[in-house]
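Protein sequence lines, in the order shown, are assigned to chains E and C.
Going left to right, the first sequence walks through residues -5 to 251 as the numbering used here numbers them.
Going left to right, the second sequence walks through residues 105 to 411 as the numbering used here numbers them.
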Amino acid sequence: MSDKIHEYLMVIEAARYISDGDVVLVGTGLPMVASLFAQKNHAPNMCYVVESGLIGPEVIPTPVSVSDPRVMNKAINHGTLISALGEILHRGLADVGFISGAQIDQYANVNSTVIGDYNNPKVRLPGSGGANDIATHSRKILIIARHEKRRFPEKCDYITSPGYIDGPDGRKKAGLHVYDPDINVITDQCVFEIDKKTGKLFLAKIMPDVTIEDVKNNTGFEIIISNSGPEVVLQPTQNEISLLNNEVDPTGVYLKH
Amino acid sequence: MDRKFIEKVMTASEAVEQFVSSGSIVGIGGQTIGRCSMALAHEIVRQNKQNLILVGCSMSISMDLMVGAGLVSRTECGTGNVESFGATMRWRRAVEEGKLEVRDFSHLSMAFRFLAGSLGLPFMPTKSMLGTDLISESGVNSDSYIVMDNPWQNNDPVVLLKALNPDVSIIHAQKADKYGNVVIEGFKTHEIEMAKASTHVLVTCEEIIDSDEIRSDPSLTTIPYIYVDAVILQKWGGYPTSVYHHYVHDADHISLYQKVARVGGMEYQKYLDDYVYGCKNFDEYLSKVLDSSSKNSLIQEMDSLLE
């Protein structure tokens, strides 16, 4: 199985966590692609919401931004940031929140602000955007990122968006209303899932042809495996591959063709 | 905010001269590749307004241009981002080199600060940012928030976000009438709350419409005239970002900007010299970078997305 197929499967697998009818707060980058795939594949009645205020569009492939007119197509409302992140998300109406990030740690905290020290940054990243809001208020959180060791440190240099913060009660102690969300981290090698008893990620699924050793070698935090061991991610069907290729990212904006 | 029902049409040069001062807190409209207030950003750079504090949600190349020109002392925002085109590179470098003070918030928190400002309230509570470094890291934002318990419930912390009232906001819209009734089509992000919180609002638009059109369907008015000080007719005023119903973003020019912004130094200075300082107004810049066939293709691509 090639890297390309793993990348495709990362997007397809992430989309499988979106159910038809879900209200999904979609962050920029790969979440836009995976959510579009879900909308076209199995969740035609999902409500795609982006922070710029766009609610329920039929997205035209392939948006490069949350302000792209492709995300405005046939929306039910062109609203404001507060209509999306306030009245839907902060209100508690988002079934799924979908983000990406530069670092993801063992508690599923996400950093999109800075590599190194905040006051003396090695690399300054764009910042929270809506990601903090999405990870704070969604009942289910999906995080998608290409698997590289530096992306998965034991501890984020900076916590932009909360996972379980520092343990099973981390969110509760911090006062978050959604204190025990489901969290899945989908990469091109595996799927991590939050264990609500420990507040830590464990290896729930592994991509076909990827070994646990591969994941260990590419991850900065300890890999926890359940007694039953990781499942293997379901192979993509030919239909799924061609949908992704031809109707979701036909010009290869996000995925190598 | 000019509550008088008078004609407010002027040039970008007049508007910036009258309403933007060195040291102003400037609210930045638009988002990443969409409807950024580029014409007014160019004019602010041309008039060399200094020590600006730029505030907004997703601040893009309009912000980056002012940072790159050395005019900004601080930003308060959610992101410096051009999404698939990368980070805002002059901003990023300035932060990395310690030349720019930056205060980070989540997007909703910034919008709530503007909302409080727009309502004349001192603060707005939120449950965002709790438990993260956005409110704990070094306390740089700490004069802008207080964490306290919900007065009606124990052990329920809320973040009180201090109201933010920009001295002046710059926005590019599709339409306005000569009195400053503004119609924004498509996404509206944080701009309505930000404009209503601002002391002054400057609006460039693709088209000045008859006031009868505003009154024939008032539900379409995004910002009523009482908040607006200046209306500037500036076709392509969001270029190279997109303006819904008019034109898509110009990926080539955004990439060119990102390339010089990444390199910095002489190459960036040349961009500013050629396209900002060396142009007497935004139309002259447009004539250097856009011929009629490239204009047509950006218009046609937008049309094809609207079919």
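Think of the CB as a built atom: it goes at the ideal place given N, C-alpha and C, for glycine as much as any other residue.
Note that this is a predicted model, so its numbers are computed, not measured.
Exercise. Hey, could you find the ends of the alpha helix (DSSP H) residue 405 of chain C is sitting in?
Key: Against the second sequence, residue 405 of chain C aligns to sequence position 301. Annotation: the continuous alpha helix (DSSP H) that includes residue 405 of chain C extends over 396 to 410.
Quiz item: Among residues of its own chain, excluding the 5 on either side of residue 190 of chain C, which ones have a beta-carbon nearer than 7 angstroms to its beta-carbon?
Solution: Counting from 1 along the second sequence, the entry for residue 190 of chain C is found at position 86. So the list reads 362, once near-sequence residues are dropped.
Quiz prompt | Given 8 angstroms, three or more beta-carbon pairs between the segment 338 to 357 of chain C and the segment 127 to 141 of chain C | solution = Result yes; three or more Cβ-Cβ pairs closer than 8 angstroms.
Quiz item: In angstroms, rounded to a whole number, what distance separates the CA positions of residue 80 of chain E and residue 226 of chain C?
Solution: Taking the first sequence and counting its residues from 1, one reaches residue 80 of chain E at position 86. Taking the second sequence and counting its residues from 1, one reaches residue 226 of chain C at position 122. Those two C-alpha atoms are separated by around 19 angstroms.
Quiz item: Given that a residue counts as buried once 16 or more other Cβ atoms are within 10 Å of its Cβ, and exposed if not, what is residue 226 of chain E?
Solution: The residue given as residue 226 of chain E occupies position 232 in the first sequence. So residue 226 of chain E ends up on the exposed side.
Exercise. With a threshold of 16 other CB atoms inside 10 Å of the CB of residue 324 of chain C, please say whether the residue is buried or exposed.
Key: Counting from 1 along the second sequence, the entry for residue 324 of chain C is found at position 220. Around the C-beta of residue 324 of chain C, fewer than 16 other C-beta atoms lie within 10 Å, and the residue is accordingly described as exposed.
Quiz item: Does the segment 280 to 297 of chain C come within contact of the segment 228 to 243 of chain E, defined as at least 3 CB pairs closer than 8 angstroms?
Solution: Contact fails: fewer than three Cβ-Cβ distances are below 8 angstroms.
Practice problem: Identify every run of the beta strand (DSSP E) within the segment 19 to 79 of chain E, keeping only runs that are complete inside it and at least 3 residues long; order them along the chain. | Solution: With a minimum length of 3 residues, the continuous beta strand (DSSP E) runs that stay inside the segment 19 to 79 of chain E are 41 to 44.
Self-check item: Distance CB(residue 211 of chain C)-CB(residue 183 of chain C) smaller than 9 angstroms
Solution: Within the second sequence, residue 211 of chain C is the residue found at index 107, counting from 1. Within the second sequence, residue 183 of chain C is the residue found at index 79, counting from 1. It is a contact, given that the beta carbons lie within the stated cut-off.
Exercise. Pick out the complete beta strand (DSSP E) segments inside the segment 218 to 279 of chain C, 3 residues or longer, and give them in chain order.
Key: Listed in chain order, the complete beta strand (DSSP E) runs (minimum 3 residues) inside the segment 218 to 279 of chain C are 227 to 230, 249 to 253 and 261 to 266.
Quiz item: Shorter than 9 angstroms from the beta carbon of residue 259 of chain C to some beta carbon of chain E?
Solution: Numbered from 1 along the second sequence, position 155 holds the residue referred to as residue 259 of chain C. Put simply, the CB of residue 259 of chain C is near chain E, with a gap under 9 angstroms to one of its CB atoms.
Exercise. Could you name the residues that DSSP lists as bridge partners for residue 135 of chain C?
Key: Within the second sequence, the letter at position 31 stands for residue 135 of chain C. Per DSSP, C/138.
Exercise. Would you mind reading off the limits of the beta strand (DSSP E) that contains residue 242 of chain E?
Key: Locating residue 242 of chain E in the first sequence gives position 248, counting from the first residue. Segment: none, residue 242 of chain E is in no beta strand (DSSP E) and carries neither H nor E.
Quiz item: Using a C-beta cutoff of 9 angstroms, does residue 208 of chain C count as contacting chain E?
Solution: The count along the second sequence starts at 1 and reaches residue 208 of chain C at position 104. Yes, residue 208 of chain C lies at the interface with chain E (some Cβ there is under 9 angstroms from its Cβ).
Exercise. Consider the Cβ of residue 372 of chain C: report whether some Cβ of chain E lies at a distance smaller than 9 angstroms.
Key: Taking the first residue of the second sequence as 1, we reach residue 372 of chain C at position 268. For residue 372 of chain C, the answer is no, since every Cβ of chain E falls outside 9 angstroms of its Cβ.
Exercise. Give the DSSP-derived three-state secondary structure of residue 322 of chain C in the structure shown.
Key: Position 218 of the second sequence, counting from 1, holds the residue named residue 322 of chain C. DSSP places residue 322 of chain C in helix when its eight states are reduced to three.
Quiz prompt | Alpha-carbon to alpha-carbon, residue 3 of chain E and residue 232 of chain E | solution = Mapped onto the first sequence, residue 232 of chain E falls at position 238. Mapped onto the first sequence, residue 3 of chain E falls at position 9. When the Cα atoms are used, residue 232 of chain E and residue 3 of chain E turn out to be separated by approximately 12 angstroms.
Quiz prompt | Min CB distance residue 249 of chain E to chain C below 9 angstroms | solution = Walking along the first sequence from the start, residue 249 of chain E turns up at place 255. Taking 9 angstroms as the threshold, the shortest C-beta distance from residue 249 of chain E to chain C does not fall below it.
Quiz item: If you measure from the beta carbon of residue 226 of chain E to each beta carbon in chain C, is any gap under 9 angstroms?
Solution: Counted from its first residue, the first sequence places residue 226 of chain E at position 232. Output row for residue 226 of chain E: interface = no.
Quiz prompt | Close Cβ partners of residue 171 of chain E (< 8 angstroms) along its chain, the five nearest in sequence each way excluded | solution = Working through the first sequence from its first residue, we reach residue 171 of chain E at position 177. Correct list, in chain order: 86 and 131.
Exercise. In the DSSP assignment, find the unbroken beta strand (DSSP E) run with residue 291 of chain C in it and report its ends.
Key: Numbered from 1 along the second sequence, position 187 holds the residue referred to as residue 291 of chain C. First-last for residue 291 of chain C: undefined, no H or E at that position.
Quiz prompt | Members of the segment 336 to 369 of chain C that neighbour chain E once the beta carbon cut-off is set at 7 angstroms | solution = Result list: 346, 348 and 352.
Quiz item: Is the beta carbon of residue 215 of chain C sitting closer than 9 angstroms to the one on residue 161 of chain C?
Solution: In the second sequence, residue 215 of chain C corresponds to position 111, counting from 1. In the second sequence, residue 161 of chain C corresponds to position 57, counting from 1. Contact: yes.
Quiz prompt | In chain order, each beta strand (DSSP E) run of at least 3 residues that lies wholly inside the segment 188 to 244 of chain E | solution = Inside the segment 188 to 244 of chain E, DSSP marks whole beta strand (DSSP E) runs of 3 or more residues at positions 194 to 200, from first to last along the chain.
Quiz item: What are the residues of the segment 129 to 142 of chain C that lie near chain E, defined by any Cβ-Cβ distance shorter than 8 angstroms?
Solution: When C-beta distances to chain E are compared with 8 angstroms, the residues of the segment 129 to 142 of chain C below that value are 134, 135, 136, 137, 138 and 139, in chain order.
Practice problem: Return no unless some Cβ of chain C is closer than 9 angstroms to the Cβ of residue 42 of chain E. | Solution: For the purposes of this step, residue 42 of chain E is taken as residue 48 along the first sequence, with counting starting at 1. Taking Cβ atoms only, chain C never reaches closer than 9 angstroms to residue 42 of chain E, which makes this a no.
Quiz prompt | Contact with chain E by residue 406 of chain C, beta-carbon distance below 9 angstroms | solution = Here residue 406 of chain C refers to the residue found at position 302 when the second sequence is read from its first residue. At least one chain E Cβ lies under 9 angstroms of residue 406 of chain C.
Quiz prompt | Inter-stretch contact (C-beta, 8 angstroms, three-pair minimum) for the segment 59 to 73 of chain E and the segment 230 to 240 of chain C | solution = With contact defined as three or more Cβ pairs closer than 8 angstroms, the segment 59 to 73 of chain E and the segment 230 to 240 of chain C are not in contact.
Self-check item: Same chain, Cβ closer than 7 angstroms to residue 105 of chain E, neighbours up to 5 away in sequence not counted
Solution: The residue you call residue 105 of chain E lines up with position 111 of the first sequence. For residue 105 of chain E, the CB contacts under 7 angstroms within the same chain, skipping 5 residues up- and downstream, are 95, 96, 97, 150, 151, 152, 153 and 154 in chain order.
Quiz item: Which runs of the beta strand (DSSP E), 3 residues or longer, sit entirely within the segment 126 to 209 of chain C?
Solution: Restricted to the segment 126 to 209 of chain C, the beta strand (DSSP E) segments that are unbroken, complete and at least 3 residues in length are 129 to 132, 156 to 159, 176 to 181 and 205 to 208, listed in chain order.
Practice problem: With a threshold of 16 other CB atoms inside 10 Å of the CB of residue 194 of chain C, please say whether the residue is buried or exposed. | Solution: Looking up residue 194 of chain C in the second sequence gives position 90. When all chains shown are included, residue 194 of chain C counts as buried.
Quiz prompt | C-alpha gap between residue 364 of chain C and residue 249 of chain E, whole angstroms | solution = Your numbering for residue 364 of chain C matches position 260 in the second sequence. Your numbering for residue 249 of chain E matches position 255 in the first sequence. Cα to Cα, the separation comes out at about 26 angstroms.
Exercise. Quick one: measure Cβ to Cβ for residue 280 of chain C and residue 307 of chain C, integer angstroms, because I've assumed they're closer than 8 angstroms.
Key: Taking the second sequence and counting its residues from 1, the one referred to as residue 280 of chain C is at position 176. Taking the second sequence and counting its residues from 1, the one referred to as residue 307 of chain C is at position 203. The pair is a contact, with the Cβ atoms about 5 angstroms apart (cut-off 8 angstroms).
Practice problem: Give me whichever residues DSSP pairs with residue 346 of chain C in a beta bridge. | Solution: Your numbering for residue 346 of chain C matches position 242 in the second sequence. Per DSSP, the beta bridge partners of residue 346 of chain C are C/138.
Quiz item: I think residue 206 of chain E touches residue 218 of chain E, with their Cβ atoms under 8 angstroms apart; what is that distance to the nearest whole Å?
Solution: Locating residue 206 of chain E in the first sequence gives position 212, where the first residue counts as 1. Locating residue 218 of chain E in the first sequence gives position 224, where the first residue counts as 1. Not quite, the Cβ-Cβ distance comes to about 11 angstroms (not below 8 angstroms), so this is no contact.
Self-check item: Interface residues of chain E facing residue 237 of chain C [CB-CB closer than 8 angstroms]
Solution: Taking the second sequence and counting its residues from 1, one reaches residue 237 of chain C at position 133. Scanning chain E for C-beta atoms nearer than 8 angstroms to the C-beta of residue 237 of chain C yields 107, 112, 152, 153 and 154, reported in chain order.
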